[in-house]
Structures are given as C-alpha cells and as structure tokens.
Amino acid sequence: MSLEENYMANFCPENLSQLIQRTKSTLGILKSNTISFDSYWRQAGI
C-alpha cells in the first residue's frame, strides 16, 4: 500500500475541522498524482 492509500486509514479526528483539513490534504495528494490514478483506471479496464 502506498502513502496515499494509508493516509486516512488510521486517522481519528478530534473534531470536524480536523476531518475537513485532513480530507482536503488527502484530496490534494491524490489530485497531484493523477497520472498514477489514470493508469490505475486503465489497468482496471474501467
């Protein structure tokens, strides 16, 4: 598993603000890695 896949797995926010901040950060990481994401979709045949 890569860092992106584990980034939210064990995260337990203390409040909604922490959850929102971590979610935005995670989406930013995933968005910056769109080339890999596109290749995953192609490999899956979707």
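Heads up, the sequence shown is in the numbering used here, so the first residue is 1116 and it goes up one at a time. We put the CB at the ideal spot given by N, CA and C, even for glycine. Here the structure is a predicted model, which means the values were calculated and not measured.
TODO: Enumerate in chain order the residues of its own chain whose CB-to-CB distance from Ser-1132 is below 8 angstroms, with the five nearest sequence positions on each side excluded.
DONE: Taking the sequence shown and counting its residues from 1, one reaches residue 1132 at position 17. The answer is none, since no qualifying residue turns up.
TODO: List the endpoints of the continuous alpha helix (DSSP H) containing Gly-1143.
DONE: Position 28 of the sequence shown, counted from the first residue, corresponds to residue 1143. In the DSSP annotation of this structure, the continuous segment of the alpha helix (DSSP H) that includes Gly-1143 starts and ends at 1131 to 1147.
Task: Whole-angstrom distance between Gln-1136 and Asp-1153, CA atom to CA atom - done: Sequence index remark: in the sequence shown, residue 1153 carries index 38 (1-based). Sequence index remark: in the sequence shown, residue 1136 carries index 21 (1-based). Roughly 25 angstroms between the two C-alpha positions.
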